[in-house]
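Working notes, beginning with the structure itself.
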Amino acid sequence: MSNISDEDKSLFAEAVQGVQKLNQDKKVVSHQTSSLKPKVRRQPSLNDKSPYGHSIETSFSQVTAHESLTYQQPSVHSQDMKRLKNGKFHTHWQLDLHGYTEEQADKILKDFLTDAIQQQARYLIIVHGKGYNSKTDFPILKNLVNQRLPQVPQVLAYCSAQPKDGGTGAVYVFLKKKS
Numbered sequence: 000m001s002n003i004s005d006e007d008k009s010l011f012a013e014a015v016q017g018v019q020k021l022n023q024d025k026k027v028v029s030h031q032t033s034s035l036k037p038k039v040r041r042q043p044s045l046n047d048k049s050p051y052g053h054s055i056e057t058s059f060s061q062v063t064a065h066e067s068l069t070y071q072q073p074s075v076h077s078q079d080m081k082r083l084k085n086g087k088f089h090t091h092w093q094l095d096l097h098g099y100t101e102e103q104a105d106k107i108l109k110d111f112l113t114d115a116i117q118q119q120a121r122y123l124i125i126v127h128g129k130g131y132n133s134k135t136d137f138p139i140l141k142n143l144v145n146q147r148l149p150q151v152p153q154v155l156a157y158c159s160a161q162p163k164d165g166g167t168g169a170v171y172v173f174l175k176k177k178s
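Throughout the sequence shown, residue numbering follows numbering that gives the first Met the number 0, covering 0 to 178 in sequence.
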């Protein structure tokens with residue numbers, strides 16, 4: 000017997016009114032996955048507008064919310080690194096990635112870095128947050144920034160910001176002079 004009330008039957012009939020049955024031969028067609036070509040990840044070329052020069056994804060390890068970030072190319076003088084760590088520089092270049100998905104943040108970060116490099120900016124502040132609203136154990140945007148910045152040849156150094164500028168939820172970035 001049916002446990003469906005007359006009212007439910009009436010509502011269903013009203014909802015599907017005008018719907019036509021599909022003709023189907025009940026034959027299931029399977030697609031063999033071996034005939035599909037695997038996706039090939041394209042490496043950026045020198046002609047790309049992307050600031051990312053090379054990938055270091057294989058050596059990337061995730062960081063936690065309160066872990067400080069530090070990166071420095073060998074050519075960076077200790078005085079410049081000390082100045083960067085202390086936030087002793089002037090910049091109008093700031094990016095806040097709060098509220099963006101990883102995919103959105105990656106594109107925005109790439110565009111921001113491209114613009115900053117083209118405009119010959121030297122110092123940047125990138126606010127990535129600490130990932131308190133993240134569904135994972137690690138802050139997604141902080142790790143994205145930590146992964147992407149070393150891929151940019153023009154990035155000489157970066158480090159976590161002073162508490163007044165976001166602390167471990169932000170980084171100061173030092174860019175090369177355009178020659």
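In this text, a Cβ means the ideal position worked out from N, Cα and C, and glycines have one as well.
Nothing here was measured: the structure is a model prediction, and the numbers come from that model.
At least one CB of chain D closer than 7 angstroms to the CB of Pro162: is that the case? In the displayed structure, chain D is absent; only one protein chain is listed.
Distance check for Gln117 and Gly130, CA to CA, integer angstroms please. 30 angstroms
Ser133 and Ile125: beta carbons closer than 7 angstroms? no
Would you call Gly168 buried or exposed, if buried means 16 or more other Cβ atoms sit within 10 Å of its Cβ? buried
Backbone secondary structure at Val144 - three-state DSSP: helix
Endpoints, beta strand (DSSP E) assigned at Gln93: Gln93 to Asp95
When burial is assigned at 16 or more other CB atoms within 10 Å of the CB, is Val18 buried or exposed? exposed
How long is the line joining the alpha carbons of Phe173 and His91, rounded to whole angstroms? 13 angstroms
State the DSSP-derived secondary structure class of Lys84, mapped to helix, strand or coil. helix
Would you grab the beta carbon distance between Val62 and Lys141 for me? Rounded to a whole angstrom, and I think it's under 8 angstroms. 6 angstroms
Strictly by DSSP, which residues pair up with Ser159? Val170
Inspect the beta-carbon positions of Gln161 and Gly86 and report whether they are closer than 7 angstroms. yes
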